[in-house]
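Protein sequences, first through last, are from chains A and B.
Following full-length UniProt numbering, the numbering of the first sequence begins with 1 at its first residue and continues without gaps.
Following full-length UniProt numbering, the numbering of the second sequence begins with 1 at its first residue and continues without gaps.
Cβ coordinates follow ideal geometry from the N, Cα and C atoms, glycine included.
Here is the structure we will look at, set down as structure tokens.
2 protein chains.
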Amino acid sequence: MKLASYQDGSRDGQLVVVSRDLTQAHYATGIADRLQQVLDDWNFLAPQLQDLYAGLNAGRAPHAFAFDAQRCMAPLPRPRQWLGALAYPSHVQRVHGEGVLPPGGLLAPLYQGGGERLLGAHEALAVPNGRAEPDLGAQLAVVTGEVPQGASPEQALASVRLLVLANAVVLRSLWRREAERGLGPLQALPAIAFGPVAVTPDELGEAWHQGRVHLTLQVDCNGRRIGRCEAGSDMGWHFGELLAQAVATRGAGAGTLLGSGPVSNADPAKGCSCLAERRALEVLDGASGPRTPLLGEGDRVRIEMKLRSGQSVFGAIDQVVVFQG
Amino acid sequence: MKLASYQDGSRDGQLVVVSRDLTQAHYATGIADRLQQVLDDWNFLAPQLQDLYAGLNAGRAPHAFAFDAQRCMAPLPRPRQWLGALAYPSHVQRVHGEGVLPPGGLLAPLYQGGGERLLGAHEALAVPNGRAEPDLGAQLAVVTGEVPQGASPEQALASVRLLVLANAVVLRSLWRREAERGLGPLQALPAIAFGPVAVTPDELGEAWHQGRVHLTLQVDCNGRRIGRCEAGSDMGWHFGELLAQAVATRGAGAGTLLGSGPVSNADPAKGCSCLAERRALEVLDGASGPRTPLLGEGDRVRIEMKLRSGQSVFGAIDQVVVFQG
Numbered sequence: 001m002k003l004a005s006y007q008d009g010s011r012d013g014q015l016v017v018v019s020r021d022l023t024q025a026h027y028a029t030g031i032a033d034r035l036q037q038v039l040d041d042w043n044f045l046a047p048q049l050q051d052l053y054a055g056l057n058a059g060r061a062p063h064a065f066a067f068d069a070q071r072c073m074a075p076l077p078r079p080r081q082w083l084g085a086l087a088y089p090s091h092v093q094r095v096h097g098e099g100v101l102p103p104g105g106l107l108a109p110l111y112q113g114g115g116e117r118l119l120g121a122h123e124a125l126a127v128p129n130g131r132a133e134p135d136l137g138a139q140l141a142v143v144t145g146e147v148p149q150g151a152s153p154e155q156a157l158a159s160v161r162l163l164v165l166a167n168a169v170v171l172r173s174l175w176r177r178e179a180e181r182g183l184g185p186l187q188a189l190p191a192i193a194f195g196p197v198a199v200t201p202d203e204l205g206e207a208w209h210q211g212r213v214h215l216t217l218q219v220d221c222n223g224r225r226i227g228r229c230e231a232g233s234d235m236g237w238h239f240g241e242l243l244a245q246a247v248a249t250r251g252a253g254a255g256t257l258l259g260s261g262p263v264s265n266a267d268p269a270k271g272c273s274c275l276a277e278r279r280a281l282e283v284l285d286g287a288s289g290p291r292t293p294l295l296g297e298g299d300r301v302r303i304e305m306k307l308r309s310g311q312s313v314f315g316a317i318d319q320v321v322v323f324q325g
Numbered sequence: 001m002k003l004a005s006y007q008d009g010s011r012d013g014q015l016v017v018v019s020r021d022l023t024q025a026h027y028a029t030g031i032a033d034r035l036q037q038v039l040d041d042w043n044f045l046a047p048q049l050q051d052l053y054a055g056l057n058a059g060r061a062p063h064a065f066a067f068d069a070q071r072c073m074a075p076l077p078r079p080r081q082w083l084g085a086l087a088y089p090s091h092v093q094r095v096h097g098e099g100v101l102p103p104g105g106l107l108a109p110l111y112q113g114g115g116e117r118l119l120g121a122h123e124a125l126a127v128p129n130g131r132a133e134p135d136l137g138a139q140l141a142v143v144t145g146e147v148p149q150g151a152s153p154e155q156a157l158a159s160v161r162l163l164v165l166a167n168a169v170v171l172r173s174l175w176r177r178e179a180e181r182g183l184g185p186l187q188a189l190p191a192i193a194f195g196p197v198a199v200t201p202d203e204l205g206e207a208w209h210q211g212r213v214h215l216t217l218q219v220d221c222n223g224r225r226i227g228r229c230e231a232g233s234d235m236g237w238h239f240g241e242l243l244a245q246a247v248a249t250r251g252a253g254a255g256t257l258l259g260s261g262p263v264s265n266a267d268p269a270k271g272c273s274c275l276a277e278r279r280a281l282e283v284l285d286g287a288s289g290p291r292t293p294l295l296g297e298g299d300r301v302r303i304e305m306k307l308r309s310g311q312s313v314f315g316a317i318d319q320v321v322v323f324q325g
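Spelled out as structure tokens, the structure:
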């Protein structure tokens, strides 16, 4: 099923069920008001939402209305936490260098992000200024139920309730400065925007396989193609492995978000899901150094993922960059 | 006023108002069920709780009952986020080295922590094992209302709603490994325990001054004195400065926690608020190297802060270490 949180003046938004084709919606009132409630009591509430979803898709929901992605907040506007992975080795090698990959390659690069400043799909992307070197970070993230401390990758994978589309913006100059100090990124992570709807993994059919999403992530900037990367093929660790690593020493509560990091493929012809990686490829390409600028005021970022049928899975992230400082 | 969250089988607990002398309590039912609700709507709800608190202190609350710290969860069991500072330069120099202090000393060492595995004051302190080098981290933390992006230190300080007592455990061997990779601590931060009650800053009277708490933090391990550090005098940045740094590029929601890091004084005779610092002082002291072990199975940690009158501010953290792995 597909779920969204409509703006209603509250911090958590109003839960709506959205039809598979993203044209119709229905308030979940009577079942749950907020998505966090559903995550807290999934086994009881999700089947009721699933019934409503089936009715909506069949044109049998009595109070359905036209779905408007402009009214969406992030699907989970106040998550328990955001865990950031860098799960694509080709991205890590091109942008961060091998240093963040621990010896042996068993552990994934993983950091604790904040659960703040979550944006809806069409909200302006406010960043401090160009000197901070703002960059997009197109990726998928999972939304979990409870993940107990010490869960195995398989147990952790079974805790995945929903998938979301995300643009986790990075301020590259601050990232480098904070990485040098060893305390990890904090100011470097200004905002995360989300696609309009969250979907249960069964919506992806066979494309959800062994903890990876085998579909193409479409990333454009100002109408120009930045990337058409395959999200599944080159993901170094699957979502269950990433979650298990995160809960090695402490459990994660229902409503935890874990993002894959910018999707990337070994084949540079697929493009990229962030601009720093594109610039790194331009440097490797020789000649005159990087040509693609990082994000500038007024730039428009568009991110979407479609099924093989052409149906948009999450709806699109479509945002304009605004400088604030 | 003083507030606590009683265990009631829910993830958020049941809000209770606690008398100043920590002997009596009263459910806040009818005003708010959960502390997060109060933080979301502080100006409307806090005065109502204050009235109940005044009645409780005066012996005029009709359904008061004996306060039992054993029944307390963390005062805010599901906070928006945990921001970890290392705000005491003497602690940083002795334990982490100068590397985490940026040039010029203007910025504080600050990291994004997780908001998970928050423990009540008497819950067992579960850590993986001794090889992870578990250490305590006795400190104060503030609980905020909304802190807008770009808030000044004064604005950020005005957002402080409550103070809490915390033991943010660190796994030292994992911290070093994660710091080397530049992504910051994640597995190194297993659990944070909290004193039974959260208090509004006015409870501290003159001891709350210019964003610092001028009282002594008492830290004992197995009945032995570890530290009697002054929390105010050597704090390199006050809580408003730390919060302002954290919101430079993104706002923080109501219910954000920011911890000061282990309290420490330049004068080593005051002792320490973590064991790694004590070991570092033992090394500096010459002779035979560090004598104090890090936390071991069955160790008992006790942390408390008292007013000059002898009244306990937050109640005590009193926990026993349990190895899990």
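Practice item. Indicate whether Val160/A and Ala74/A have their beta-carbon atoms separated by less than 9 Å. Key: If you number the first sequence from 1, residue 160/A lands on position 160. If you number the first sequence from 1, residue 74/A lands on position 74. No; because the gap between Cβ atoms is not below 9 Å, this pair is not in contact.
Review point. Who does Asn265/B pair with in a DSSP beta bridge?
Key: Reading the second sequence from its first residue, position 265 is the one you call residue 265/B. For Asn265/B, which the question treats as bridged, DSSP gives no partner whatsoever.
**Study point:** Status (buried if at least 16 other CB within 10 Å, exposed otherwise) for Leu284/B
**Key:** Taking the first residue of the second sequence as position 1, residue 284/B is located at position 284. The residue is exposed, with fewer than 16 neighbouring Cβ atoms inside 10 Å.
Practice item. Find out if the Cβ-Cβ distance for the pair Gly271/A, Arg279/A is shorter than 9 Å. Key: The residue you call residue 271/A lines up with position 271 of the first sequence. The residue you call residue 279/A lines up with position 279 of the first sequence. No, the Cβ-Cβ distance between Gly271/A and Arg279/A is not below 9 Å.
Check your understanding: Would you call the CB atoms of Gly114/B and Gly296/B closer than 9 Å?
Key -> Counting from 1 along the second sequence, the entry for residue 114/B is found at position 114. Counting from 1 along the second sequence, the entry for residue 296/B is found at position 296. Cβ distance not < 9 Å, so Gly114/B and Gly296/B don't count as in contact.
Point to revise | Residue ranges of each beta strand (DSSP E) within the stretch 56-143 of chain A, 3 or longer | key: 81-85, 110-113, 125-127
Exercise for review: Give me the Cα-Cα distance between Val18/B and Asp40/A, rounded to the nearest whole angstrom.
Suggested key: Position 18 of the second sequence holds residue 18/B. Position 40 of the first sequence holds residue 40/A. About 28 Å.
Point to revise | Status (buried if at least 16 other CB within 10 Å, exposed otherwise) for Ser5/B | key: What you label residue 5/B is simply residue 5 of the second sequence in a count that begins at 1. Counting Cβ neighbours within 10 Å, Ser5/B comes out buried, since at least 16 surround it.
Check your understanding: Taking Met305/A as the reference, which of Asp299/A, Gly298/A, Val313/A has the closest Cα?
Key -> In the first sequence, the residue the question calls residue 305/A occupies position 305. Out of Asp299/A, Gly298/A, Val313/A, Val313/A has the C-alpha closest to the C-alpha of Met305/A.
Check your understanding: Which residues of chain B have a Cβ atom closer than 8 Å to the Cβ of Ala248/A, listed in chain order?
Key -> Working through the first sequence from its first residue, we reach residue 248/A at position 248. Neighbours of Ala248/A on chain B, chain order: Pro128, Gln187.
**Study point:** According to DSSP, residues forming a beta bridge with Trp208/A
**Key:** Counting from 1 along the first sequence, the entry for residue 208/A is found at position 208. DSSP, once it has assigned bridges, lists Val213/A as partnering Trp208/A.
Practice item. For Ser273/A, count neighbouring Cβ atoms within 10 angstroms of its own Cβ and tell me buried if that reaches 16, exposed if not. Key: Here the question's residue 273/A lines up with position 273 in the first sequence. Classification for Ser273/A: buried.
Review point. Can you tell me where the alpha helix (DSSP H) with Gly240/B in it begins and where it stops?
Key: Your numbering for residue 240/B matches position 240 in the second sequence. 239-246 is the span of the alpha helix (DSSP H), which, as asked, contains Gly240/B.
Point to revise | Same chain, Cβ closer than 6 Å to Gly184/B, five either side skipped, listed in chain order | key: Position 184 of the second sequence, counted from the start, is the residue given in the question as residue 184/B. Contacts found: Tyr111.
Check your understanding: In this structure, does DSSP put Phe314/B in helix, strand or coil?
Key -> As a first step, residue 314/B is located in the second sequence; it is residue number 314 there, counting from the start. Three-state result, Phe314/B: coil.
Review point. Which one of Ala188/B, Ala254/B, Tyr88/B has the shortest CA to CA distance from Glu230/B?
Key: Here the question's residue 230/B lines up with position 230 in the second sequence. Ranking Ala188/B, Ala254/B, Tyr88/B by Cα distance to Glu230/B puts Tyr88/B first.
Point to revise | Residue of Glu206/B, Pro77/B, Val127/B, Gly315/B minimising C-alpha distance to Arg308/B | key: Along the second sequence, one-based indexing puts residue 308/B at 308. Nearest C-alpha to Arg308/B: Glu206/B.
Practice item. Mind the definition here: the stretch 83-98 of chain A touches the stretch 257-268 of chain A only if three or more C-beta pairs lie below 8 Å; say whether that holds. Key: yes
Point to revise | Strand pairing of Ala168/B, partner residues [DSSP] | key: Here residue 168/B is taken as the residue at index 168 of the second sequence, counted from 1. According to DSSP, which records beta bridges pairwise, Ala168/B is partnered with Ile192/B.
Review point. Per DSSP, Thr256/B forms a beta bridge with which residues?
Key: In the second sequence, counting from the first residue as 1, residue 256/B sits at position 256. Thr256/B pairs with Gln81/B.
Review point. Taking contact to mean at least 3 C-beta pairs separated by less than 8 Å, is the stretch 187-198 of chain B in contact with the stretch 317-325 of chain B?
Key: yes
Review point. Cα separation between Tyr53/A and Asn43/A?
Key: Taking the first residue of the first sequence as 1, we reach residue 53/A at position 53. Taking the first residue of the first sequence as 1, we reach residue 43/A at position 43. Taking the straight line joining both Cα atoms gives about 16 Å.
Review point. Using a Cβ-Cβ cut-off of 7 Å (strictly less than) and excluding sequence neighbours within five positions of Arg11/B, which residues of its own chain qualify?
Key: As a first step, residue 11/B is located in the second sequence; it is residue number 11 there, counting from the start. Closer than 7 Å at Cβ, skipping near neighbours: Pro77, Arg78.
Practice item. Could you tell me which of Gln70/B, Leu22/B, Trp82/B sits nearest to Gly59/B, measuring between CA atoms? Key: As a working mapping, residue 59/B is identified with position 59 in the second sequence. Nearest C-alpha to Gly59/B: Leu22/B.
Point to revise | Simplified DSSP assignment, three categories, for Ser288/A | key: The count along the first sequence starts at 1 and reaches residue 288/A at position 288. Coil, per DSSP.
Check your understanding: List, in order along the chain, the chain A residues whose C-beta lies closer than 8 Å to that of Asp40/B?
Key -> Numbered from 1 along the second sequence, position 40 holds the residue referred to as residue 40/B. Residues of chain A passing the Cβ test: Arg11.
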